[in-house]
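**Q** Same order as they appear, the protein sequences are chains A and B. Numbering-wise, the first sequence is residues 0 to 198 according to numbering that gives the first Met the number 0. Numbering-wise, the second sequence is residues 0 to 190 according to numbering that gives the first Met the number 0.
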Amino acid sequence: MGKLTEIYPAPASNSIKETLIGVADGRSVTVSSGTYTFETVSSVLTLSTSYKDITGSSITYTPPEGTKYVYYKFSYKSSSAPVNYGSSGIHHLKLFLDGTDVYRAHKSNAGNYSGSHSNYHASFTNFIEYVFDLTAGSDDYGQGKLSGWTTGKVIKCQARDYSSPYYQADIHRNHWEDGTSASGEEVYTKPTIKIIAYS
Amino acid sequence: MSKLTDIFPAAASSNVLEVICGIGDGRTVHGNENSYTMGTASAIELSTSYADIAGSSIDYILPTDTNYVHYEFIVKWAAADYSGICHWRLYFDGNEVSAAYINNASSYGASNHGHHLVYINWVFDLTVTTTDYSQGQIAKSDWSGAKTIKVRGRDYSSSYDARVHWTTWRDGSSSGYPFLDVPLLTVTAYS
Chain A
0 MGKLTEIYPA PASNSIKETL IGVADGRSVT VSSGTYTFET VSSVLTLSTS YKDITGSSIT
60 YTPPEGTKYV YYKFSYKSSS APVNYGSSGI HHLKLFLDGT DVYRAHKSNA GNYSGSHSNY
120 HASFTNFIEY VFDLTAGSDD YGQGKLSGWT TGKVIKCQAR DYSSPYYQAD IHRNHWEDGT
180 SASGEEVYTK PTIKIIAYS
Chain B
0 MSKLTDIFPA AASSNVLEVI CGIGDGRTVH GNENSYTMGT ASAIELSTSY ADIAGSSIDY
60 ILPTDTNYVH YEFIVKWAAA DYSGICHWRL YFDGNEVSAA YINNASSYGA SNHGHHLVYI
120 NWVFDLTVTT TDYSQGQIAK SDWSGAKTIK VRGRDYSSSY DARVHWTTWR DGSSSGYPFL
180 DVPLLTVTAY S
């Protein structure tokens with residue numbers, strides 16, 4: 000007969016309730032809180048001077064019961080736009096929770112200005128991440144603080160260019176491949192989302 | 000008297016089965032059932048031919064009931080000529096995951112100041128019934144035993160050379176360069 004501690008082992012000590020992770024290729028992933036379908040990214044997202052949703056960043060998430068913190072990370076590729084005015088590709092990023100701008104999460108990315116607007120080499124892997132605090136006494140979405148989260152809420156990112164026609168940026172884009180211009184599927188990189196619910 | 004389930008509660012419901020995490024210094028990392036030896040990185044310059052990136056390779060054995068494997072490789076990149084345009088490809092068992100292809104570069108310029116981290120990641124989906132290596136979809140029947148996951152890289156041309164695991168400056172000086180920036184490899188198995 001086994002020891003009682005073998006039959007009833009101590010519970011795991013980590014505070015991770017669940018991790019939802021996936022690539023924006025349309026897959027559905029089932030975790031303890033439900034089944035989630037990721038967006039499908041199949042092209043480059045060209046920005047403008049108005050904010051637009053970043054494809055692949057959106058997910059409607061409901062944390063498991065007892066969750067105190069929700070970590071969201073969106074990993075994506077950016078490039079200065081391959082146009083005469085791409086240069087440093089300055090772009091601005093926002094995070095939204097249930098339609099409200101989480102202003103604490105604002106950020107901007109850019110390469111260095113090379114001295115010519117026609118050089119659009121700047122090309123990086125980037126991410127937007129944030130921790131939503133569900134232990135707050137009242138909701139303050141702007142700072143990502145909530146008094147609770149029991150139904151599906153949309154988390155997504157938006158982006159825009161700094162200006163037009165200079166400093167334009169593209170999301171998901173790869174300019175080059177094997178010593179020449181990228182072609183086929185390699186023109187873009189599918190982004191990933193990672194969500195961790197902590198107790 | 001307390002209930003038995005109060006005394007012996009169910010284990011946490013986390014779907015993380017295993018995390019293998021290590022830097023590229025040749026260390027051995029022990030997982031739940033298997034051990035993995037990380038590659039040993041050194042600061043090098045790439046060429047126009049693809050080469051394995053030291054520290055990126057792991058011969059990974061799935062834990063039981065794995066549905067997803069998240070591969071993450073964080074590598075230091077530096078421009079050697081102008082913007083240091085670099086190409087990165089991810090491989091599973093010798094097959095390219097073309098959907099994970101990445102090209103990076105700094106802004107164009109002769110100063111070669113561009114130094115960045117590059118994040119190469121993919122979530123292998125093992126819930127599929129048919130393997131599609133290009134999309135990182137691997138049927139469980141095609142992942143038995145150890146499978147090698149690794150990154151290969153090259154630069155665009157000899158006019159845009161790139162370096163990896165490389166830092167040129169430290170403490171306000173380039174004296175003694177190149178300095179080694181070791182890469183970080185993390186593999187997480189999820190149920």
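We put the CB at the ideal spot given by N, CA and C, even for glycine.
Just by C-beta distance, which residues in the region 47 to 69 of chain B are closer than 7 Å to chain A?
**A** Within the region 47 to 69 of chain B, the residues whose Cβ lies closer than 7 Å to some Cβ of chain A are Thr47, Tyr67, His69, listed in chain order.
**Q** Going by alpha carbons, who is nearest to B:His69 out of A:Gly98, A:Gly21, A:Pro63?
**A** Residue A:Gly21 is the option with its Cα nearest to B:His69.
**Q** Please report the distance separating the alpha-carbon of B:Asn33 from that of B:Thr27.
**A** Looking at the two C-alpha atoms, the distance is approximately 10 Å.
**Q** Tell me whether B:Asn120 counts as near the ligand FAD, meaning its Cβ is closer than 7 Å to at least one heavy atom of that ligand.
**A** No copy of the ligand FAD appears in this structure; indeed no ligand is present at all.
**Q** Rounded to whole angstroms, what is the Cα-Cα separation between B:Ile193 and A:Asn173?
**A** What is shown of chain B runs 0 to 190, which leaves residue 193 of chain B out entirely.
**Q** By the 8 Å beta-carbon criterion, what residues does the region 35 to 52 of chain A contribute toward chain B?
**A** Against chain B - using a Cβ distance shorter than 8 Å - the region 35 to 52 of chain A contributes no residues.
**Q** Give the interface partners of A:Ala181 over in chain B, defined as CB-CB distance under 7 Å, in chain order.
**A** In chain order: Asn102.
**Q** With the cut-off set at 8 Å, would you say A:Ser86 and A:Tyr119 are in Cβ contact?
**A** Yes, the Cβ-Cβ distance between A:Ser86 and A:Tyr119 is below 8 Å.
**Q** Here's the rule I'm using: 16 or more other beta-carbon atoms within 10 Å means buried, otherwise exposed. How should A:Glu17 be labelled?
**A** Buried, by the Cβ-count rule.
**Q** So for A:Gly21, helix, strand or coil by DSSP?
**A** It is a strand residue.
**Q** In chain order, which continuous runs of the beta strand (DSSP E) of length 3 or greater are located wholly inside the region 132 to 165 of chain A?
**A** Those beta strand (DSSP E) runs which fall completely within the region 132 to 165 of chain A and span 3+ residues are 152 to 160.
**Q** What does DSSP give as the partner residues of A:Asp177 in its beta bridges?
**A** Answer by DSSP bridge pairing: none, since A:Asp177 is not bridged.
**Q** Where do the N-terminal and C-terminal ends of the beta strand (DSSP E) with B:Gly113 fall, by residue?
**A** Element bounds for B:Gly113: n/a, residue is neither H nor E.
**Q** State buried or exposed for A:Thr124, treating a residue as buried only when at least 16 other CB atoms are found within 10 Å of its CB.
**A** Buried, by the Cβ-count rule.
**Q** Classify A:Ser122 as buried or exposed, calling it buried when 16 or more other Cβ atoms lie within 10 Å of its own Cβ.
**A** Buried: at least 16 other Cβ atoms inside 10 Å.
**Q** Beta carbon of B:Glu193, beta carbon of B:Ser133: below 8 Å?
**A** Given a span of 0 to 190 for chain B in the structure shown, any question on residue 193 of chain B remains unanswerable.
**Q** Output the boundary residues of the beta strand (DSSP E) element that contains A:Ser107.
**A** A:Ser107 -> beta strand (DSSP E) spans 106 to 108.
**Q** What are the start and end residues of each continuous beta strand (DSSP E) run of 3 or more residues lying completely inside the region 102 to 148 of chain B, in chain order?
**A** Taking only runs of at least 3 residues, the beta strand (DSSP E) segments lying wholly in the region 102 to 148 of chain B are 114 to 124.
**Q** Roughly how many whole angstroms lie between the Cα atoms of A:Val28 and B:Arg88?
**A** Each residue's alpha carbon lies about 25 Å from the other.
**Q** Does the region 87 to 94 of chain A come into contact with the region 47 to 58 of chain B, if we say contact requires no fewer than three beta-carbon pairs (one atom in each stretch) closer than 8 Å?
**A** Flag = no, the region 87 to 94 of chain A and the region 47 to 58 of chain B do not touch.
**Q** Who are the neighbours of B:Val196 on chain A, taking C-beta pairs under 7 Å?
**A** Because chain B is modelled from 0 through 190, residue 196 of chain B falls outside the range shown and cannot be assessed.
**Q** Sort A:Ile192, A:Ser182, A:Asp160 by Cα distance to A:Thr45 and report the nearest one.
**A** A:Thr45 has its Cα closest to that of A:Asp160, out of A:Ile192, A:Ser182, A:Asp160.
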